[in-house]
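So the sequence shown is residues 338 to 679, counted in our numbering. Note that beta-carbon positions come from the ideal geometry of N, C-alpha and C, so glycine has one too. Below you'll find the structure, written out as structure tokens, and then a few comments.
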Amino acid sequence: MTRKIAILGASGYTGAELVRLIATHPNMEIAALAAERKAGMQMRDVFPHLAHLDLPGLVRISEIDFSAVDLCFCALPHKTSQEVIRALPRDLKIVDLSADFRLRDPDDYEKWYGNPHAAVGIQGEAVYGLTEFYRDEIAAARLVAGTGCNAATGQFALRPLIAAGVIGLDDIVIDMKCAVSGAGRSLKENLLHAELSEGYNAYAVGGTHRHLGEFDQEFSAIAGRPVKVQFTPHLLPANRGILATVYLSGEARAVHETLAAAYADEPFLQVLPFGQTPSTHHVRGSNFCHIGVTGDRIAGRAIVVAALDNLTKGSSGQALQNANLMLGEEETAGLMLAPLFP
338 MTRKIAILGA SGYTGAELVR LIATHPNMEI AALAAERKAG MQMRDVFPHL
388 AHLDLPGLVR ISEIDFSAVD LCFCALPHKT SQEVIRALPR DLKIVDLSAD
438 FRLRDPDDYE KWYGNPHAAV GIQGEAVYGL TEFYRDEIAA ARLVAGTGCN
488 AATGQFALRP LIAAGVIGLD DIVIDMKCAV SGAGRSLKEN LLHAELSEGY
538 NAYAVGGTHR HLGEFDQEFS AIAGRPVKVQ FTPHLLPANR GILATVYLSG
588 EARAVHETLA AAYADEPFLQ VLPFGQTPST HHVRGSNFCH IGVTGDRIAG
638 RAIVVAALDN LTKGSSGQAL QNANLMLGEE ETAGLMLAPL FP
């Protein structure tokens, strides 16, 4: 059975990544592509790397007949998603890639994103889209809220460890390196080649990054008490990839054994042999996340390193993984592409 798919925000990086992945899906067909500012254009003109695909033209959202759509991906900016999704048909299955439905408490959304929640009436329907930990809820959901790419990376490194009680909860440090595509496709002065290349900088220093809202929400729920991590992201002069180095108190072998056992049957989460650590090169363009564990020279300390592609496993790949569950498809369909190397 062929599933008809719509993508809203198809002219952004995550929209293009969705098209690339769905093109290999055995049971999905892209029926509609929306991009308000580029309506009337063809996808090949916006993204020449997709010129070989037979795709519908870009239109405005108001021009789409959603009665002919089985599932809609919403790859729109924060705040815009709430307004658009609120107006979509109530029986339409939706995977939202923005931050607009990730935080269950509307007050937390306003705290981290700076504006009141515009769709409180449907916030309660939203299921947090970290697939490996919310499978059953996602399969039954109408609306799934994709995670932040940074938030996903940190959670893959930490959730099983918090649940198993093998690490201290009050001294977790997440040092994260993030590729520039995570900032989206809009023109920004600090992302110009001359401003970004040959450099490396921390940003959102001191606990101001919005994905901390997700860490607080999810880690505290697992632990049954407030958990606040120290988190500093750094901007890399690279197109794709996230590398998280997480510093912990805990016995390194126990940390490794806990992660290996938790992810033994997960198709996309690969725990490396003890002492090995991953590179963003090893997951580029794929839906895989590689996780390594090593000890430290200081007794009782462990280091977990996690790598994923922010556009794939961190966003569009995760979204397709969730959509597969929502539509009763094989979870891995369209997602087993090997990483690109070099």
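Determine the burial state of residue i: buried for a count of at least 16 other Cβ atoms within 10 Å of its Cβ, exposed for fewer.
i	result
Lys514	buried
Tyr465	buried
Lys650	buried
Asn661	buried
Val542	exposed
Pro414	exposed
Leu677	exposed
Thr545	exposed
Asp407	buried
Glu555	buried
Glu420	exposed
Met673	exposed
Ala644	buried
Ser653	buried
Glu667	exposed
Val457	exposed
Glu354	buried
Gly519	buried
Asn647	buried
Thr339	exposed
Ser534	exposed
Arg621	buried
Val642	buried
Thr361	exposed
Ala516	buried
Pro426	exposed
His593	buried
Asp624	Checking the displayed sequence, the identity of residue 624 turns out to be Asn instead of Asp. Its Cβ being crowded by 16 or more others within 10 Å, Asn624 is buried.
Ser523	exposed
Glu488	In the sequence as displayed, the identity of residue 488 is Ala instead of Glu. Buried.
Ser418	buried
Asn576	exposed
Ala405	exposed
Could you please give me the residues that DSSP links to residue i through a beta bridge?
i	result
Thr631	Ile640
Phe438	Phe438 is not bridged to any residue.
Glu420	For Glu420, which the question treats as bridged, DSSP gives no partner whatsoever.
Leu345	Ala371 and Cys411
Arg340	Met365
Val608	Ile628
Val457	For Val457, which the question treats as bridged, DSSP gives no partner whatsoever.
Leu645	Ile579 and Cys626
Val464	Val481
Can you tell me the Cβ-Cβ gap for residue i and residue j, rounded? I've got them flagged as a contact below 8 Å.
i	j	result
Lys304	Ala368	For residue 304 there is no data in the structure shown, the boundaries of the chain being 338 and 679.
Phe493	Leu606	6 Å
Ile344	Leu370	5 Å
Gly491	Ala436	15 Å between Cβ atoms; not a contact.
Gly483	Asp553	Not quite, the Cβ-Cβ distance comes to about 18 Å (not below 8 Å), so this is no contact.
Leu358	Gly671	5 Å
Thr617	Gly578	3 Å
Ala639	Gly587	5 Å
Met717	Val481	The structure shown does not extend to residue 717, since the chain is modelled only from 338 to 679, so the question has no answer here.
Phe611	Arg590	7 Å
Val510	Gln567	5 Å
Gly349	Gly521	6 Å
Ala424	Gly352	19 Å between Cβ atoms; not a contact.
Thr595	Pro453	The Cβ separation is near 40 Å, so there is no contact.
Leu395	Ala372	4 Å
Ala455	Lys416	7 Å
For this session: Scan the segment 466-518 and note each continuous alpha helix (DSSP H) run of 4 residues or more that stays entirely inside, going in chain order.
Result: 472-476 and 486-501
For this session: Report the residue ranges of all beta strand (DSSP E) runs contained in full by the segment 516-594; include only those spanning at least 3 residues, in chain order.
Result: 567-573 and 579-586
Exercise. Can we say the segment 581-599 touches the segment 533-551, given the rule of at least three CB pairs closer than 8 Å?
Worked result: no
Problem set entry | Contact the segment 451-470 vs the segment 526-539: 3+ CB pairs below 8 Å | no
For this session: Decide if the segment 376-385 is in contact with the segment 439-448; the criterion is three or more beta carbon pairs, one per stretch, under 8 Å apart.
Result: no
Exercise. Do the segment 534-541 and the segment 563-582 make contact, defined as three or more Cβ pairs closer than 8 Å?
Worked result: yes
For this session: Ignoring anything shorter than 4 residues or poking outside the segment 357-437, list the alpha helix (DSSP H) runs there in chain order.
Result: Correct list: 380-383 and 417-424.
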